[in-house]
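Since the structure comes first, as structure tokens, the remarks are kept for the end.
Protein chains in written order, with my numbering: chain A, 4 to 275; chain B, 73 to 374.
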């Protein structure tokens with residue numbers, strides 16, 4: 004195969020610069036020693052990171068997001084793991100319809116989902132509560148957990164299970180001692196991808212969050228709507244740092260390319 | 073939009089055919105209940121809501137009328153909003169195709185470690201908070217002497233500053249940036265299936281690089297480009313954070329309009345009608361273009 008020429012490499016450098024520019028700028032401005040938006044030239048300062056502590060709304064929203072992300076991605080796995088096993092192992096009538104339904108949150112615009120949830124939760128009287136946010140997030144992150152669990156369940160070596168069955172294992176023991184450990188990498192990365200999705204969701208959550216249950220993206224969005232100052236850049240830089248940490252962990256555990264593929268082809272036509 | 077998602081994996085070798093149907097349904101039942109309660113019922117309620125009446129003082133009245141739908145179809149304010157959304161989504165899709173396709177091709181020709189490194193750099197932003205990314209664009213756009221303008225002027229690409237903030241230009245740039253990874257990934261995945269020997273054969277027969285790209289590579293990756301375009305279009309048309317932050321309060325799109333009806337005006341039935349129309353329009357566009365692509369490239373999808 005031919006190598007890239009100088010023109011192609013120049014294009015590539017500009018492209019990567021374009022992709023990274025907004026992220027780099029946020030991280031740079033976060034370290035400004037000034038009281039206004041500026042890119043630090045002579046000295047870096049942590050003053051705006053320290054300032055986050057004096058703004059309890061951000062701190063509270065951070066904890067809401069963290070708990071919501073951790074809980075919803077755990078609860079969603081309780082539904083997704085059995086569903087993935089059903090889809091991976093059985094051919095039954097309605098199987099295609101079922102997997103289409105399970106992946107539908109990827110295709111329905113989040114603004115529509117947010118409105119639908121708001122309508123439902125107001126009707127049953129739990130609007131604005133943490134429980135409402137939890138249910139909504141469990142549904143929305145389900146496809147991501149399902150995809151990675153499904154990939155693990157399909158790739159699993161069934162002969163190990165057969166061996167366990169022949170040795171007398173069955174039911175719960177079979178699942179807990181054989182199946183679960185074998186698909187665990189898929190489950191853990193499914194959890195992590197679901198966590199990132201929940202942690203980052205704005206469009207749906209903004210319809211459901213009330214004062215007290217505002218998540219970090221919602222708080223940041225509402226703050227930016229009023230004014231943009233270095234404080235919100237240091238909050239954003241912290242969010243970027245947290246995402247990076249989860250990504251590095253994911254890469255160690257599972258391989259980031261596979262996770263990104265599951266996230267990237269949201270609703271993409273898969274060719275058999 | 074079930075027709076576009078076909079993730080039923082090929083499991084012919086391992087799956088137990090037809091036997092154990094009851095076991096399968098038992099396993100899938102909790103998730104099915106969750107989705108009936110958490111997706112189907114709320115969507116049906118939203119559709120019903122769009123036919124209800126609303127007044128400033130009487131609130132929501134549970135009747136069946138077409139008032140909201142008629143208002144969206146006839147009021148130029150709402151018609152313009154849908155057109156703007158469509159326009160922005162088409163432009164963002166074109167930009168991601170024009171820049172994302174060559175980039176995927178260049179990426180694919182890099183050597184191993186560089187390829188995976190840059191793939192990570194380009195796809196990584198997908199997982200970074202969209203609020204943080206859009207904030208970055210707001211900082212870059214700034215006023216007339218924002219960084220983006222300074223850079224473009226120093227490169228000699230423009231002579232006078234371009235207004236990015238609170239304009240459709242800025243919205244398109246930020247949207248294209250947010251959607252770029254989806255296009256690169258879709259094209260890159262298709263490129264993996266292209267046999268490099270075909271390219272080599274063309275070169276050995278005397279084809280120049282432009283001929284190779286135009287006549288050998290492009291026709292083979294077209295299905296990937298088109299499915300990438302469908303993803304980018306549907307996500308751009310329903311984007312919320314980027315238009316809301318870059319477009320400001322006045323330059324609204326469908327998603328921000330629905331948000332305003334729900335949380336500011338409190339006219340829920342009208343907001344529901346806007347949301348349902350967005351959903352229906354996207355389903356029709358996505359399913360329709362998928363069907364067209366599948367017919368056109370039947371041999372590729374077989």
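Glycine is no exception: its CB is placed at the ideal position from the N, C-alpha and C atoms.
Same chain, Cβ closer than 7 Å to residue i, five either side skipped, listed in chain order
i                     : result
residue 74 (chain A)  : 137
residue 202 (chain A) : 68 and 72
residue 132 (chain A) : 216
residue 170 (chain B) : none
Beta-carbon contacts of residue i that lie in its chain and below 6 Å, excluding the five residues immediately before and after
i                     : result
residue 47 (chain A)  : 34
residue 41 (chain A)  : 35
residue 146 (chain A) : 106, 108 and 109
residue 30 (chain A)  : 240
residue 130 (chain A) : 124
Residue i - containing beta strand (DSSP E), residue span
i                     : result
residue 125 (chain B) : 125-127
Residue i (DSSP reduced to helix, strand or coil)
i                     : result
residue 271 (chain B) : helix
residue 131 (chain A) : coil
residue 37 (chain A)  : coil
residue 132 (chain B) : strand
residue 369 (chain B) : coil
residue 93 (chain A)  : strand
residue 362 (chain B) : helix
residue 6 (chain A)   : coil
residue 190 (chain B) : helix
residue 273 (chain A) : The predicted position of residue 273 (chain A) is uncertain, since its pLDDT is 34 and thus under 50; a value taken from the coordinates is nonetheless stated next. Three-state result, residue 273 (chain A): coil.
residue 156 (chain A) : helix
residue 58 (chain A)  : coil
residue 324 (chain B) : coil
residue 181 (chain B) : coil
residue 42 (chain A)  : coil
residue 230 (chain B) : coil
residue 204 (chain A) : coil
residue 103 (chain B) : helix
residue 77 (chain B)  : The pLDDT assigned to residue 77 (chain B) is 39, lower than 50, so where the model puts this residue is not dependable; a value taken from the coordinates is nonetheless given after this. Coil, per DSSP.
residue 150 (chain A) : helix
residue 192 (chain A) : helix
residue 171 (chain B) : helix
residue 11 (chain A)  : helix
residue 19 (chain A)  : helix
residue 221 (chain B) : helix
N-terminal and C-terminal residue of the alpha helix (DSSP H) that residue i is part of
i                     : result
residue 248 (chain A) : 233-256
residue 98 (chain A)  : 98-110
residue 217 (chain A) : Unbroken run through residue 217 (chain A): none, as it is neither H nor E.
residue 300 (chain B) : 290-309
residue 173 (chain A) : Run containing residue 173 (chain A): none; DSSP gives neither H nor E here.
residue 164 (chain A) : 161-169
residue 254 (chain B) : 240-263
residue 114 (chain A) : 113-126
residue 18 (chain B)  : Residue 18 (chain B) is absent from the model: chain B starts at 73 and stops at 374.
residue 201 (chain B) : No alpha helix (DSSP H) contains residue 201 (chain B), which DSSP labels as neither H nor E.
residue 287 (chain B) : Premise fails: residue 287 (chain B) is in no alpha helix (DSSP H) and is neither H nor E.
residue 217 (chain B) : Segment: none, residue 217 (chain B) is in no alpha helix (DSSP H) and carries neither H nor E.
residue 319 (chain B) : 313-319
residue 339 (chain B) : Per DSSP, residue 339 (chain B) belongs to no alpha helix (DSSP H) and is neither H nor E.
Same chain, Cβ closer than 8 Å to residue i, five either side skipped, listed in chain order
i                     : result
residue 190 (chain B) : 179 and 182
residue 274 (chain B) : 283, 284, 287 and 288
residue 352 (chain B) : none
residue 194 (chain B) : 175, 179, 252, 253 and 256
residue 261 (chain B) : 296
residue 78 (chain B)  : Low local confidence applies: a pLDDT of 40 at residue 78 (chain B) is under 50, so the model's placement there is unreliable, and no value is given.
residue 227 (chain A) : 235
residue 17 (chain A)  : none
residue 2 (chain A)   : Lying outside 4 to 275, the shown extent of chain A, residue 2 (chain A) is not represented and no answer is given.
Contact belief for residue i with residue j at Cβ below 8 Å, rounded distance in angstroms
i                     : j                     : result
residue 323 (chain B) : residue 236 (chain B) : Residue 323 (chain B) to residue 236 (chain B), Cβ: 12 Å. No contact.
residue 207 (chain B) : residue 127 (chain A) : That pair is no contact at about 35 Å.
residue 271 (chain B) : residue 289 (chain B) : 7 Å
residue 309 (chain B) : residue 342 (chain B) : Their Cβ separation, rounded to whole angstroms, is 19 Å, which puts residue 309 (chain B) and residue 342 (chain B) out of contact at 8 Å.
residue 85 (chain A)  : residue 100 (chain B) : 7 Å
- Message: Taking 8 Å as the cut-off, does the region 111-124 of chain A touch the region 38-58 of chain A (at least 3 CB pairs, one atom from each stretch)?
- Response: The answer is no - the region 111-124 of chain A does not touch the region 38-58 of chain A, with fewer than three Cβ pairs under 8 Å.
- Query: Does the region 195-210 of chain A come close enough to the region 7-14 of chain A that 3 or more CB-CB pairs lie under 8 Å?
  - Reply: no
- State whether the region 142-157 of chain B contacts the region 219-234 of chain B, with contact taken as three or more CB pairs (one from each stretch) at a distance under 8 Å. no
- contact_flag[the region 157-168 of chain B, the region 249-262 of chain B] where n(CB pairs < 8 Å) is 3 or more: yes
- Looking at C-beta atoms only, is the number of pairs between the region 114-122 of chain B and the region 88-101 of chain A that lie closer than 8 Å three or more? Output reads no: the region 88-101 of chain A does not touch the region 114-122 of chain B.
- Taking three-plus beta-carbon pairs below 8 Å as touching, is the region 146-163 of chain A in contact with the region 173-192 of chain A? Between the region 146-163 of chain A and the region 173-192 of chain A there are three or more C-beta pairs closer than 8 Å, enough to call the two in contact.
- Item | Cβ pair count under 8 Å reaching 3, the region 200-214 of chain B against the region 19-28 of chain A | Short answer: they touch.
- Should the region 116-126 of chain A be called in touch with the region 211-225 of chain A, which here means at least 3 C-beta pairs below 8 Å? yes
- Meets three-Cβ-pair contact criterion under 8 Å: the region 118-132 of chain B and the region 315-332 of chain B: no
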